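Before any comments, here is the structure.
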Amino acid sequence: MQQRQLGTTGPTVSAIGLGAMGMSGMYGPADRAESIATVHAALDAGIDLIDTGDFYGMGHNEMLLSEALKGVPRDRYLLSVKFGALRDPRGTWGGVDNRPAALRNFLAYSLQRLGVDHIDIYRPARLDPGVPIEETVGAMAEMVQAGYIRHIGLSEVGADTLRRAAAVHPICDLQIEYSLVSRGIEADILPACRELGIGITAYGVLSRGLISGHWTKATAAAPGDFRAHSPRFQGDNAEANLALAEALRQVAEARGATTAQAAIAWVAAQGQDIVPLVGARRRDRLAEALGALELKLTSGDLAAIEAAVPAEAVRGERYPAQAMAQLDSER
Ligand SMILES: NC(=O)c1ccc[n+]([C@@H]2O[C@H](COP(=O)([O-])OP(=O)(O)OC[C@H]3O[C@@H](n4cnc5c(N)ncnc54)[C@H](OP(=O)(O)O)[C@@H]3O)[C@@H](O)[C@H]2O)c1
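Next comes the structure, spelled out in structure tokens:
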């Protein structure tokens, strides 16, 4: 497995990471046994970075990972865990709480559910507009000192917040959406990360399956499936965006690759400081994603991919309006 370092202060990890969110219902029902088998297959293939959040299935995702990782030596995997997103018993989203007391509470519960004595990378999922980032990072730094966290990461924040956070404690990576159809980080955020020595763990590299070659308009959206509400998956937007996926498929197939492999390999080719997270929840999808690491894209290939999927061509925002408004990265 190829390796990449997360920022100048972070750990060296596999060149792609496994995102476990889809194993807890974010994209409709997932098969528990298949999810666990997918985690094992990822470890067997050399993936050692596993991303979760305490709010994925309201603890479900962490407990699933705990079961999957039982008996696996702790030094064979790194856990990246997000906190701060609030939910209610129906699963409804209810804002963010990144106060120091809240994060210590979230951390205590995550350690219990995961069945581990430390988390490798801990990060607030969103900026809490009511809490200065210095306070949140300062409290996390205390947890680093105490040995409960190894590294501090951030998620979906902009360049100013990155600078303020990095002044308090080294930040190893920013987790943020980045793909052929979500290129917003290229203007300011990616340069700021590079200046500050912060790596990127890129999510949504397939735009939630939209540019994977597997999603069609006939794909049923179960209740709770993010895509039932995502602007990019609705009506005419979906039609236009699927045409981009088709254009990508043609470029990919000419190079002996699948659509998803070309999309993942394009992100991986944007810099050694970028680690794509793939949201596979089945072994066949994981195997396909792993194939992206074998795909060596020349500058001509990259240009052909970008001509097939021009930077501004996507239709629809990457989140519904209310969720977009919570993104410090979009200010
Ligand atoms: N920090 C944040 O705000 C944030 C937000 C979202 C996600 N994340 C993290 O990033 C991870 C990845 O994000 P994501 O799952 O939204 O993005 P993604 O990888 O763009 O999308 C995953 C979707 O693509 C589909 N897919 C089709 N072919 C695939 C293949 N070969 N490999 C993997 N998936 C394939 C999956 O398929 P099926 O439907 O067929 O299973 C799934 O529905 C998440 O699991 C989570 O850990 C972080």
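The numbering used here puts the first residue of the sequence shown at 582, with every later residue one more than the last. Using N, Cα and C, we set each Cβ at its ideal position, and we do this for glycine too. If you're wondering where the values come from, they're calculated on a predicted model, not measured in any experiment.
At the C-beta level, Leu777 and Ala746 stay beyond 7 Å of one another. Within the model, the alpha-carbon separation for Gln693 versus Arg863 is close to 26 Å. The closest CA to that of Ala902, considering only Ser811, Asn818, Gly881, is found on Ser811.
The segment 819 to 834 makes no contact with the segment 850 to 858; the number of CB pairs closer than 8 Å stays below 3. Inclusion of Ser736 in the 6 Å shell around ligand 1 follows from its C-beta lying nearer than that to a non-hydrogen atom of the ligand. In the three-state reduction of the DSSP assignment, Tyr900 falls in the coil class.
Annotated as proximal: Ile733 and Ile752, with beta-carbon spacing under 7 Å. Under DSSP, Arg808 shares a beta bridge with no residue. Proximity of the beta carbon of Arg899 to ligand 1 is not indicated: no heavy atom of the ligand is located closer than 6 Å.
The straight-line gap separating the alpha-carbon atoms of Ala611 and Gly603 is approximately 7 Å.
When secondary structure is reduced to three states using DSSP, Ile845 falls in the helix class. Between the beta-carbon of Ser763 and that of Ala844 there is about 11 Å, and that puts the pair past the 8 Å contact cut.
Following the DSSP letters along the chain, one finds Val677 inside the beta strand (DSSP E) bounded by residues 674 to 677. No Cβ-Cβ contact shorter than 7 Å links Leu871 with Ala601. CA-to-CA, the gap between Ala682 and Ala727 works out to about 15 Å. Within the DSSP secondary-structure output, Ile757 pairs in a beta bridge with Ala783. Collapsing the DSSP output to three states places Thr589 in coil. Going by DSSP, Asp635 is part of no beta strand (DSSP E) at all; its letter is neither H nor E. Bridge pairing for Met607: Gly609 [DSSP].
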